[in-house]
Amino acid sequence: MKFFIDTANIDEIREANALGILAGVTTNPSLVAKEKNVSFHDRLKEITDEVEGSVSAEVMAEDAEGMLREAEELVKIAKNITIKVPMTLEGLKAVKKLSEKGVKTNVTLIFNANQALLAARAGATYVSPFLGRLDDIGQNGMDLIAQIAEIFDRHSIDSEIIAASVRHPMHVTEAALHGAHIATIPLKVINQLVKHPLTDQGIEKFNNDWNK
Ligand code: E4P
1 MKFFIDTANI
11 DEIREANALG
21 ILAGVTTNPS
31 LVAKEKNVSF
41 HDRLKEITDE
51 VEGSVSAEVM
61 AEDAEGMLRE
71 AEELVKIAKN
81 ITIKVPMTLE
91 GLKAVKKLSE
101 KGVKTNVTLI
111 FNANQALLAA
121 RAGATYVSPF
131 LGRLDDIGQN
141 GMDLIAQIAE
151 IFDRHSIDSE
161 IIAASVRHPM
171 HVTEAALHGA
181 HIATIPLKVI
191 NQLVKHPLTD
201 QGIEKFNNDW
211 NK
């Protein structure tokens, strides 16, 4: 499983990229709205200059024609822009057209296996099931990852599964075990993945012994 970071904050992206583990970035309108004094376009340029892997940029139009118009502008920013499209009927039409043009797509806001299968059949490069938001309403987000992984495997579907709405380290381990190809993770959780109290204690003991 590969790691993407889920943020539009350039400092966080640079911090994660310095760790050498970053394969891509996902943004969404709520994350972009937190960023002040910078346009969406300029921020995407900064991100694509920093990260070589896929950078997801979401379209805001609700109709396929509008999505395609926005996508046309977004892909001009850099060759690693992936167009993030919501899981709707219009979104599927847009994904179909974009995939025919060779533009990478990430179908977002996936909450059941049928949505993922439809997105894949429309030509999505990535499908993004939202774990945390399912857990929030008492449904098991991880079961969804497992279902999608099994369906894609059984039907030889190439679309990659991005475990999204990741809230804590157990989501990351479980997503990897259940067959997600990628997890997109906030910086706070990436940093939590590194930590273990026995690692910290071990370093302290080695330092103390060395200083003796
Ligand atoms: C994924 O692409 C989304 O940006 C993200 O993971 C949403 O997470 P949230 O449910 O924490 O907002």
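Number 197 in UniProt numbering belongs to position 197 of the sequence shown; there are no gaps in the numbering.
No residue lacks a Cβ here, since even glycine has one placed at the ideal position from N, Cα and C.
- Uninterrupted beta strand (DSSP E) stretches inside the stretch 27-87 (no shorter than 3 residues): 54-58, 81-86
- Message: Looking at the secondary structure, which residues open and close the alpha helix (DSSP H) in which F206 lies?
- Response: Numbered from 1 along the sequence shown, position 206 holds the residue referred to as residue 206. Where F206 is concerned, the enclosing alpha helix (DSSP H) stretches over 197-211.
- Message: Just to check my reading of the structure: E90 and T125 have Cβ atoms closer than 8 Å, yes? What is that Cβ distance to the nearest angstrom?
- Response: Here the question's residue 90 lines up with position 90 in the sequence shown. Here the question's residue 125 lines up with position 125 in the sequence shown. No, E90 and T125 are not in contact; Cβ-Cβ is about 18 Å, not under 8 Å.
- Query: Once you ignore the five residues that flank N208 on each side, which residues in its own chain have a CB closer than 6 Å to its CB?
  - Reply: Working through the sequence shown from its first residue, we reach residue 208 at position 208. No residues qualify anywhere along the chain.
- Item | Top-ranked residue by Cα proximity to I83, from V55, H41, E62 | Against the sequence shown, residue 83 aligns to sequence position 83. Closest option to I83, Cα to Cα, is V55.
- Return yes when at least one heavy atom of the ligand E4P lies under 6 Å from the C-beta of residue 223, else no. The requested residue 223 does not occur in the structure, where the chain is confined to residues 1 to 212.
- Message: Using 8 Å for Cβ pairs, my map puts V103 next to V75. What's the rounded Cβ distance?
- Response: Taking the first residue of the sequence shown as position 1, residue 103 is located at position 103. Taking the first residue of the sequence shown as position 1, residue 75 is located at position 75. That pair is a contact at about 6 Å.
- Query: So which of P86, M87, A113 has the shortest CA-CA distance to A149?
  - Reply: By one-based count along the sequence shown, residue 149 stands at place 149. Nearest C-alpha to A149: A113.
- Can you tell me the Cα-Cα spacing of I137 and L92, whole angstroms? Residue 137 sits at position 137 when you count from the first residue of the sequence shown. Residue 92 sits at position 92 when you count from the first residue of the sequence shown. Going from the Cα of I137 to the Cα of L92 covers about 26 Å.
- Query: Can you tell me whether R43 is buried or exposed, with buried defined as 16 or more other CB within 10 angstroms of its CB?
  - Reply: Residue numbering aside, residue 43 sits at position 43 when the sequence shown is read from its first letter. Buried.
- Item | Strand pairing of P129, partner residues [DSSP] | Indexing the sequence shown from 1 puts residue 129 at position 129. Looking at the DSSP assignment, P129 forms a beta bridge with I110.
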